[in-house]
Amino acid sequence: MALGEIPSTESEDPEESKVGQRAHWLIARLRCRDPGQDASLSHPLAGIKSSIDVLVDFEGPDDLYRPVNWPFRKKVMTTVVYGLITMGSAWASSAYSPAIPQVVHEFHVGEEAGTLGISLFLFGIGLGSLLWAPISEVYGRKIAVLTPYFLSAIFSFASAVAKDVQTVMITRIFSGFFGAAPITNVGGAMSDIWFAQQRGAAIVVYAVTLVAGTVLAPIVGGAAVDSYLGWRWTEYITGILMSLSLTLGLIFLDESYPPVLLVYKARRLRLESGNWALHARHEEWDVSLKDLSRKYLIRPFQLMATPICFFVALYASFVYGILYLSLASFPIEFQELRGWNAVIGALPFLALFVGILFGAAANLLNQRFYVKRFRANNNRPVPEARLPPMMAGSVFFAAGMFIQGWTSKKDVFWFGSICGAFSTGLGFFTIFQAALNYLIDTFQQYAASAVAVNTFLRSIFAGSFPLFTNAMFHNLGIPWASSLLGFISVALIPIPYVLYIFGPRIRARGKWSKASVAP
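What follows is the structure in structure tokens.
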């Protein structure tokens, strides 16, 4: 037998066969190692070109190991459970907002210091998004979502038992840092399990749950604060909900990242065949801090330097910031101005949420148009076909800001403000979700990094906006403060129209996006 040849698993002497297999495995390991690498860090398969007969891959488009070939029921279950987990992180970000007055009173701090509980959580999400995306592309989606999500739930409980405001702030930022994992990685998981022509509907579910958590949490939190429970139960309820969704994830979720699944497949085939040379391409990757930093920490900002990623992420971040600005502006209008209590004053968030549901319906209706364009493009994604809802929604969003602002007067019936909130919610969701889909379709294999930098930027916006909301709305007044934001919204309206017309040309010139252009 030639040196390095894999011995047969059949032998007259089983002990001799085992010794022979072990010896040849060690020889192969030593021969494959690059002597220039640090032996403690290098992978034995790194630096060599694999023979195709020992490289494990999917066995054609119908291989059941491919997540896109999972049963439809399993795909739906995976989407729903990931959506609930994402909702938990979003819930944690805003459930604290009704607690701010009691936190300010109990710990004798200023309004801005109390508001930091929201901002620090969102800044934590921004920082975490830069870490959890690369972790998911190295170790898989499931472990990169559930492990940090568990820690986020722990820090929510820690916030609930805090004895001073410093502890509240520290636990909030860590809860946000770990809670960023599902917000960052679930979009990638949806790309793993759904074909491009189906992905839009799946992303709708993900995006609705993300926004639902943000919008509905202040209502529940307001009820807790207005009762005998007090502000701490906003965090207890958050921790309980996150624990329940975490349990569902542990029970129902399977790994969906194809490179990691091929590692599992190669491991099974090695055990079944005794051929220890079988391996997946992902196992040849010699992970190093330098490589991770270059590809997964620097790359998101390289994507941000491209016109598409910059303007799409900027628009999505602005409207996302307005969503969190509402956490502070709605109490000013409906509680301070109109005199409603904490529970009734939080109900206008339902108008925002109903608008979001209409926006989701608009995106689902656009799926027919997208599928036609997809098929006409030889079954390749067409990012611009994601934009029509965003184009219409940009007008609704700006209009909603003006309507809500100029009907926010004590002597004007409240229904006008509710209509403005509805229009803002409709526009917000069409912009937010179309931007997410557009980035995924444009950057494809770099989608996780594109989503990560989008999450980072929108978290910075969302964390910053509540800090100046009180000063702006009290100094300018609700009508002019809303109008200022409305004028900025009008200035951003051309973005989806320009991309719809010139997007293919811009994508073709980009290093990271040219793969999305049909040859």
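Okay, so the sequence shown: first residue is 2 according to my numbering, each after it adds one. C-beta atoms are modelled at their ideal positions from N, C-alpha and C, and glycine is treated no differently. In this text the structure is predicted, and so the values were computed from the model without any measurement.
{"Query": "9 angstroms Cβ cutoff met for Ile-357 and Thr-443", "Result": "no"}
{"Query": "Span separating the alpha-carbon of Asn-378 from that of Gln-198", "Result": "11 angstroms"}
{"Query": "Ala-281 - DSSP class collapsed to helix/strand/coil", "Result": "strand"}
{"Query": "First through last residue of the alpha helix (DSSP H) which encompasses Lys-164", "Result": "Premise fails: Lys-164 is in no alpha helix (DSSP H) and is neither H nor E."}
{"Query": "Neighbour-count burial assignment, Phe-73, 16 or more Cβ in a 10 Å radius", "Result": "exposed"}
{"Query": "Rounded separation between Leu-254 and Val-313 - CA only", "Result": "31 angstroms"}
{"Query": "Asn-276, enclosing alpha helix (DSSP H) - first and last residue", "Result": "Looking at the DSSP string, Asn-276 is not in any alpha helix (DSSP H), and its letter there is neither H nor E."}
{"Query": "Leu-65 (DSSP reduced to helix, strand or coil)", "Result": "coil"}
{"Query": "Counted within 10 angstroms of its Cβ, other Cβ atoms place Lys-143 as buried (16 or more) or exposed", "Result": "buried"}
{"Query": "For Ala-448 and Leu-117, the rounded distance between their alpha carbons", "Result": "31 angstroms"}
{"Query": "Alpha-carbon spacing of Gly-511 relative to Phe-503, whole angstroms", "Result": "13 angstroms"}
{"Query": "Three-state secondary structure assigned by DSSP to Leu-56", "Result": "strand"}
{"Query": "Exposure label - Gln-434; buried when at least 16 CB within 10 Å", "Result": "buried"}
{"Query": "Beta-carbon proximity list for Ile-220, same chain, < 8 angstroms, skipping 5 on both sides", "Result": "Val-344, Ala-347, Leu-348, Phe-350, Leu-351"}
{"Query": "Straight-line gap, Leu-270 to Phe-156 (C-alpha atoms, nearest Å)", "Result": "41 angstroms"}
{"Query": "Rounded distance between the beta-carbons of Phe-430 and Val-355, thought under 8 angstroms", "Result": "No, Val-355 and Phe-430 are not in contact; Cβ-Cβ is about 11 angstroms, not under 8 angstroms."}
{"Query": "Nearest-angstrom Cβ-Cβ length linking Ala-182 and Trp-133, presumed shorter than 8 angstroms", "Result": "4 angstroms"}
{"Query": "Assigned exposure category for Ile-489 - 16 Cβ within 10 Å defines buried", "Result": "exposed"}
{"Query": "Cβ contact check for the region 103 to 114 and the region 272 to 279: 3 or more pairs under 8 angstroms", "Result": "no"}
{"Query": "C-alpha gap between Thr-168 and Ser-160, whole angstroms", "Result": "7 angstroms"}
{"Query": "Beta-carbon proximity of Ala-213 to Ser-94, cut-off 9 angstroms", "Result": "no"}
{"Query": "Asp-412 - DSSP class collapsed to helix/strand/coil", "Result": "coil"}
{"Query": "Cβ-heavy atom distance, Glu-256 to the ligand NAD, below 8 angstroms", "Result": "With respect to the ligand NAD, the structure offers nothing, as it holds no ligand at all."}
{"Query": "Segment limits, alpha helix (DSSP H) that includes Lys-76", "Result": "73 to 95"}
{"Query": "Whole-number beta carbon distance between Thr-425 and Phe-398, since they are thought to touch under 8 angstroms", "Result": "6 angstroms"}
{"Query": "Span separating the alpha-carbon of Gly-394 from that of Leu-326", "Result": "19 angstroms"}
{"Query": "Own chain residues within Cβ distance below 6 angstroms of Tyr-237, not counting five before or after", "Result": "Ala-161"}
{"Query": "Three CB pairs or more closer than 8 angstroms across the region 120 to 139 and the region 170 to 182", "Result": "yes"}
{"Query": "Residues near Leu-458 in its chain [Cβ-Cβ closer than 6 angstroms; skip 5 each side]", "Result": "Ala-314, Ser-318"}
{"Query": "Option nearest Gln-368 by Cα separation, candidates Ile-419, Ala-203, Gly-464", "Result": "Ala-203"}
{"Query": "Cβ neighbours of Val-69 in the same chain (closer than 8 angstroms, five flanking residues each side left out)", "Result": "Asp-193, Ile-194, Trp-195, Phe-196"}
{"Query": "Inter-residue spacing [alpha-carbon to alpha-carbon] between Met-243 and Arg-506", "Result": "44 angstroms"}
{"Query": "Which listed residue (Leu-263, Lys-291, Leu-298) has its alpha carbon closest to that of Ala-281", "Result": "Leu-263"}
{"Query": "For Thr-210 and Met-88, believed in contact at Cβ under 8 angstroms, the rounded distance", "Result": "4 angstroms"}
{"Query": "Contiguous beta strand (DSSP E) assignments of at least 3 residues, all confined to the region 442 to 493", "Result": "none"}
{"Query": "Residue span of the alpha helix (DSSP H) that contains Glu-112, given as start and end", "Result": "112 to 140"}
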